[in-house]
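Chemist: Just so you know, the protein sequences line up as chains R and B, in that order.
The numbering used here applies: residue 6 is where the first sequence begins, and numbers increase by one.
The numbering used here applies: residue 5 is where the second sequence begins, and numbers increase by one.
Structure in structure tokens, see below.
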Amino acid sequence: MIRTAIVTFALSALCGWSAPVFAQADPPVSRLELGVGVRWIGTAPLGTQAANETTGAGAKSPLFSTTSELGGAAGIDGRVGVRLSHSFVAEIEGTYAKPELRIAVSADTEGAAPVTATETIQQFTVGGNLVWYLPLRQRSPRFAPFAIGGGGYLRQLHDSGTLVDTGSFYHVGGGVSTLLSSGGRWHTKGVGVRADVRAFIRTNGVAFDGGSKTSVAAGASVFVRF
Amino acid sequence: MKRAFTALLIASLVLGHSAPAHAYLKFGVPIRGQQVTVKWAQTPVRYFVSDTGVPGVSAVDFQNAVGRAFATWQAVPTASITYQLAGVTSALPGSDDGSSVLGFRSRPDLDRVLASTSFLVDSTTGALIESDIFFNSAFQWSTAAAGETGRYDLESIALHEIGHFSGLGHSALGETEMISTGGRRVLSAEAVMFPIAFAPGSIAARTLKADDIAGISDLYPDGDFQTTDGSLSGSVTKDGQPLFGAHVVAFNPATGTMVAGFTLNAQGQFSIGGLSPGPYAVRVEPLDDADIDSFFSSAQTVDIDFRVAFFDRVVAVPKGGDSGQIALKVVHK
Numbered sequence: 006m007i008r009t010a011i012v013t014f015a016l017s018a019l020c021g022w023s024a025p026v027f028a029q030a031d032p033p034v035s036r037l038e039l040g041v042g043v044r045w046i047g048t049a050p051l052g053t054q055a056a057n058e059t060t061g062a063g064a065k066s067p068l069f070s071t072t073s074e075l076g077g078a079a080g081i082d083g084r085v086g087v088r089l090s091h092s093f094v095a096e097i098e099g100t101y102a103k104p105e106l107r108i109a110v111s112a113d114t115e116g117a118a119p120v121t122a123t124e125t126i127q128q129f130t131v132g133g134n135l136v137w138y139l140p141l142r143q144r145s146p147r148f149a150p151f152a153i154g155g156g157g158y159l160r161q162l163h164d165s166g167t168l169v170d171t172g173s174f175y176h177v178g179g180g181v182s183t184l185l186s187s188g189g190r191w192h193t194k195g196v197g198v199r200a201d202v203r204a205f206i207r208t209n210g211v212a213f214d215g216g217s218k219t220s221v222a223a224g225a226s227v228f229v230r231f
Numbered sequence: 005m006k007r008a009f010t011a012l013l014i015a016s017l018v019l020g021h022s023a024p025a026h027a028y029l030k031f032g033v034p035i036r037g038q039q040v041t042v043k044w045a046q047t048p049v050r051y052f053v054s055d056t057g058v059p060g061v062s063a064v065d066f067q068n069a070v071g072r073a074f075a076t077w078q079a080v081p082t083a084s085i086t087y088q089l090a091g092v093t094s095a096l097p098g099s100d101d102g103s104s105v106l107g108f109r110s111r112p113d114l115d116r117v118l119a120s121t122s123f124l125v126d127s128t129t130g131a132l133i134e135s136d137i138f139f140n141s142a143f144q145w146s147t148a149a150a151g152e153t154g155r156y157d158l159e160s161i162a163l164h165e166i167g168h169f170s171g172l173g174h175s176a177l178g179e180t181e182m183i184s185t186g187g188r189r190v191l192s193a194e195a196v197m198f199p200i201a202f203a204p205g206s207i208a209a210r211t212l213k214a215d216d217i218a219g220i221s222d223l224y225p226d227g228d229f230q231t232t233d234g235s236l237s238g239s240v241t242k243d244g245q246p247l248f249g250a251h252v253v254a255f256n257p258a259t260g261t262m263v264a265g266f267t268l269n270a271q272g273q274f275s276i277g278g279l280s281p282g283p284y285a286v287r288v289e290p291l292d293d294a295d296i297d298s299f300f301s302s303a304q305t306v307d308i309d310f311r312v313a314f315f316d317r318v319v320a321v322p323k324g325g326d327s328g329q330i331a332l333k334v335v336h337k
């Protein structure tokens with residue numbers, strides 16, 4: 006379902022891009038937008054795994070079990086956007102956060118106390134977004150709702166600094182931005198705030214089964230338009 | 005205790021081990037004050053098979069089963085060791101003639117020994133010169149594809165002995181229980197090199213496990229094994245004192261595999277090699293008291309008075325490197 010949503014979003018974006026009416030009817034008042042803020046990416050479950058031994062009959066006999074997850078964490082977020090048309094903005098966005106990798110060990114057959122082993126991961130993302138400002142904007146000029154989709158590269162550095170996991174991510178979601186002031190000094194054309202919520206899909210990276218992991222991500226930022 | 009004879013041999017070779025060993029145990033001999041790993045210097049390693057069968061296993065059956073076991077070790081993609089059948093011989097295993105021979109011998113006096121491996125080692129280099137494996141014909145044997153009730157699977161036992169033949173010691177990745185007739189029964193194991201055999205009829209030990217693969221790859225690394233795999237090392241202490249003989253297990257939650265090692269020196273240090281890069285959970289446990297002779301000389305004081313515990317940190321094993329020293333602390337039982 007998520008992939009379908011992304012494709013649909015992308016197609017609609019292309020259709021909108023090719024319609025000259027937007028660009029000609031309402032030329033962009035600003036070309037460039039810089040934003041900085043915080044982004045929280047939610048917990049990603051990494052599954053359960055038993056430490057099995059083999060019996061003489063070839064069956065599995067668990068010595069202990071583990072349940073793993075990459076915890077949610079807030080980090081910093083920065084982006085640069087370029088307005089393509091009245092409704093569309095292309096962005097480059099990067100984030101940095103330090104989520105905790107947790108491996109909860111339990112059910113040890115020799116009675117070891119349950120333990121949650123932890124490790125701090127340094128997580129970097131860099132990618133591109135396409136932001137579509139919805140036509141609903143006309144109803145409330147101060148608030149601009151938008152849909153957003155994108156993807157990019159994921160890099161996760163383990164505690165020791167000697168092991169790196171890499172992968173990719175995709176996201177789709179929506180949010181709202183509002184201008185706090187328009188015009189201004191030093192060539193700025195406005196200052197505002199933006200908030201969004203996304204479905205954040207990680208592929209590979211710290212993913213014990215190699216599959217995709219979906220979690221919720223939310224962010225808030227301050228931006229300046231030039 | 006599958007092979008008291010083997011165990012004694014292992015104990016004598018492990019005696020004086022002063023350096024942490026990768027994977028479970030590798031055989032070592034002291035040469036000029038240095039602990040040297042025992043291994044074959046050249047491959048393919050040539051071996052002869054005996055021309056004598058036993059009831060239920062013809063000489064040809066024996067040769068085929070042993071050949072399959074050699075092929076299983078040789079198929080490990082990250083290890084370079086290869087073996088070659090040199091021929092059939094009427095010689096018996098155990099004679100120091102420079103030829104490695106595998107065959108049956110009747111040793112009813114060794115009533116708990118299914119098979120054993122003996123070595124001839126170059127005392128100046130640690131290189132193996134000869135390694136013989138005898139299978140005790142006092143037991144009932146089978147080479148049936150699906151195993152045979154009441155008979156030990158020759159291929160499984162050969163796989164274990166060929167691990168010794170190649171220079172590997174025992175692994176402690178297994179659980180046992182006491183049996184009323186004496187000795188112990190294996191409940192489960194996750195290494196072909198576990199020192200106690202499954203019950204007759206089982207063929208579960210025909211497949212190498214992660215611990216076996218790590219061990220043979222560490223001993224005979226192939227290609228870029230040393231740059232693609234990593235190691236996990238550290239020390240174990242109890243009440244602030246180094247602990248000797250602790251069994252340390254590295255568990256990979258991505259693959260579900262376990263590879264283990266021991267603390268093998270006065271500093272309580274261990275090093276587990278041949279690990280796929282990634283995050284690991286680490287468990288430390290005492291050896292079963294009945295197993296100690298399979299791993300260590302009676303002259304060595306192995307501490308088994310501590311509780312099983314897990315390390316409270318996830319340990320990252322890098323590609324081609326070491327995790328860095330971790331400090332495991334355990335408490336009295």
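Ideal Cβ positions, reconstructed from N, Cα and C, are used throughout, including at glycine.
Using a 10 Å radius around the Cβ and a threshold of 16 neighbouring Cβ atoms, would you call Thr171 (chain R) buried or exposed?
Modeler: So Thr171 (chain R) counts as exposed.
Chemist: Taking the alpha-carbon positions, what's the Phe108 (chain B) to Thr41 (chain B) distance?
Modeler: So the alpha carbons of these two residues sit roughly 28 Å apart.
Chemist: Can you check whether the C-beta of Asp1 (chain R) is within less than 8 Å of a C-beta belonging to chain B?
Modeler: Limits of chain R in this structure are 6 at one end and 231 at the other, which puts residue 1 (chain R) out of reach.
Chemist: List the residues of chain B whose Cβ lies closer than 9 Å to the Cβ of Thr123 (chain R), in chain order.
Modeler: Correct list: Asp316, Arg317 and Val318.
Chemist: Of all the residues that make up the region 70–90 of chain R, which are near chain B by a beta-carbon distance shorter than 7 Å?
Modeler: Result list: Thr71 and Ser73.
Chemist: Applying a beta-carbon distance threshold of less than 9 Å, which residues of chain R neighbour Val190 (chain B)?
Modeler: Here the neighbours are Thr60 and Gly61.
Chemist: In the DSSP assignment, what are the bridge partners of Arg199 (chain R)?
Modeler: R:Ser182 and R:Ser226, per the DSSP bridge assignment.
Chemist: Is any beta-carbon of chain B found at less than 8 Å from that of Thr208 (chain R)?
Modeler: Not an interface residue.
Chemist: Please check if any C-beta of chain B sits within less than 8 Å of the C-beta of Thr167 (chain R).
Modeler: Closer than 8 Å: yes.
Chemist: Please list, in chain order, the chain B residues whose beta carbon lies closer than 8 Å to that of Ser66 (chain R).
Modeler: Under the 8 Å cutoff, chain B gives Glu179, Leu191 and Ser192.
Chemist: If we require 3 or more residues per run, which beta strand (DSSP E) segments fall completely within the region 301–330 of chain B?
Modeler: Within the region 301–330 of chain B, the complete beta strand (DSSP E) runs of at least 3 residues are 319–321.
Chemist: Going along the chain, which residues of its own chain have a beta-carbon closer than 7 Å to the beta-carbon of Thr128 (chain B), five neighbours each way excluded?
Modeler: Hits under 7 Å: Ile35.
Chemist: Alpha carbon to alpha carbon, how far is Ser35 (chain R) from His192 (chain R)?
Modeler: Cα to Cα, the separation comes out at about 10 Å.
Chemist: Using a Cβ cut-off of 8 Å (strictly closer), state whether Ala55 (chain R) contacts chain B.
Modeler: Closer than 8 Å: yes.
Chemist: Would you mind giving the Cβ-Cβ distance between Asp157 (chain B) and Lys242 (chain B), rounded to the nearest angstrom? I have them listed as a contact below 8 Å.
Modeler: Actually they do not touch by this definition, with Cβ atoms about 40 Å apart.
Chemist: Can you check whether the C-beta of Ala27 (chain B) is within less than 8 Å of a C-beta belonging to chain R?
Modeler: At Ala27 (chain B) the pLDDT is 35, less than 50, meaning the model places this residue with poor confidence; the figure from the coordinates comes in the next sentence. It does not; no Cβ of chain R falls within 8 Å.
Chemist: For a cutoff of 8 Å on Cβ pairs, would you count Gly260 (chain B) as touching chain R?
Modeler: Cβ-Cβ to chain R under 8 Å: yes for Gly260 (chain B).
Chemist: How big is the Cα-Cα spacing for Gly219 (chain B) and Gly324 (chain B)?
Modeler: Each residue's Cα considered, the two are about 16 Å apart.
Chemist: Gly133 (chain R) by DSSP, collapsed to three states: which one?
Modeler: Gly133 (chain R) falls in the strand class under three-state DSSP.
Chemist: Within its chain, find whatever has a CB closer than 6 Å to the CB of Thr100 (chain R); leave out the 5 residues flanking it on each side and keep chain order.
Modeler: Contacts found: Arg44, Gly80, Asp82 and Thr130.
Chemist: Just to make sure I have the definition right: I need the residues of chain B whose C-beta is within less than 8 Å of the C-beta of Ile108 (chain R). Which are they?
Modeler: Pro257, Pro283, Ala285 and Val318, listed in chain order.
Chemist: Can you have a look at Val318 (chain B) and say buried or exposed, based on whether 16 or more other CB atoms are within 10 angstroms of its CB?
Modeler: Buried, since its Cβ has 16 or more Cβ neighbours within 10 Å.
Chemist: Please list the terminal residues of the continuous beta strand (DSSP E) segment that includes Trp191 (chain R).
Modeler: From DSSP, Trp191 (chain R) is part of no beta strand (DSSP E); its letter is neither H nor E.
Chemist: So that I know if they touch, is there some Cβ in chain B lying closer than 8 Å to that of Val120 (chain R)?
Modeler: Val120 (chain R) counts as touching chain B.
Chemist: Report the three-state DSSP secondary structure of Glu152 (chain B) (helix, strand or coil).
Modeler: Note: Glu152 (chain B) maps to coil in three-state DSSP.
Chemist: Which residues in chain R have a C-beta closer than 7 Å to the C-beta of Glu289 (chain B)? List them in chain order.
Modeler: Those within 7 Å of Glu289 (chain B) in chain R are Glu115.
Chemist: Kindly indicate if chain B contains any beta-carbon less than 8 Å away from that of Phe129 (chain R).
Modeler: Not an interface residue.
Chemist: In whole angstroms, what is the alpha-carbon distance linking Leu139 (chain R) and Met262 (chain B)?
Modeler: For Leu139 (chain R) and Met262 (chain B), the distance between alpha carbons rounds to 53 Å.
Chemist: Drop a sphere of 10 angstroms on the beta-carbon of Gln67 (chain B), count the other beta-carbons inside from all chains shown, and report buried for 16 or more, exposed for fewer.
Modeler: Label assigned to Gln67 (chain B): buried.
Chemist: Give me the chain B residues within the contact set of Phe213 (chain R), using Cβ-Cβ distance strictly less than 7 Å, ordered along the chain.
Modeler: Simply Pro257 and Ala258.
Chemist: Alpha carbon to alpha carbon, what distance is there between Pro290 (chain B) and Val240 (chain B)?
Modeler: So the alpha carbons of these two residues sit roughly 11 Å apart.
Chemist: I want to see whether chain C comes within less than 8 Å of Gly272 (chain B), judged by CB atoms only; does it?
Modeler: The chain inventory of the structure shown lacks chain C, comprising the protein chains R and B.
Chemist: Would you kindly work out how many angstroms separate the C-alpha atoms of Ala85 (chain B) and Lys65 (chain R), rounded to a whole number?
Modeler: A small fix is needed here, since residue 85 (chain B) is Ile in this sequence, not Ala. The alpha-carbon atoms of Ile85 (chain B) and Lys65 (chain R) are separated by roughly 30 Å.
Chemist: For Asn209 (chain R), I'd like the list of residues in its chain whose CB is within less than 8 Å of its CB, leaving aside the five on either flank, ordered along the chain.
Modeler: Around Asn209 (chain R): Leu159, Asp170, Thr171, Gly172, Ser173 and Gly215.
Chemist: Let me check one thing: in DSSP terms, what residues is Lys65 (chain R) bridge-paired to?
Modeler: According to DSSP, Lys65 (chain R) bridges with R:Thr59.
Chemist: Just to check my reading of the structure: Glu159 (chain B) and Ala73 (chain B) have Cβ atoms closer than 8 Å, yes? What is that Cβ distance to the nearest angstrom?
Modeler: Their Cβ separation, rounded to whole angstroms, is 5 Å, which keeps Glu159 (chain B) and Ala73 (chain B) in contact under 8 Å.
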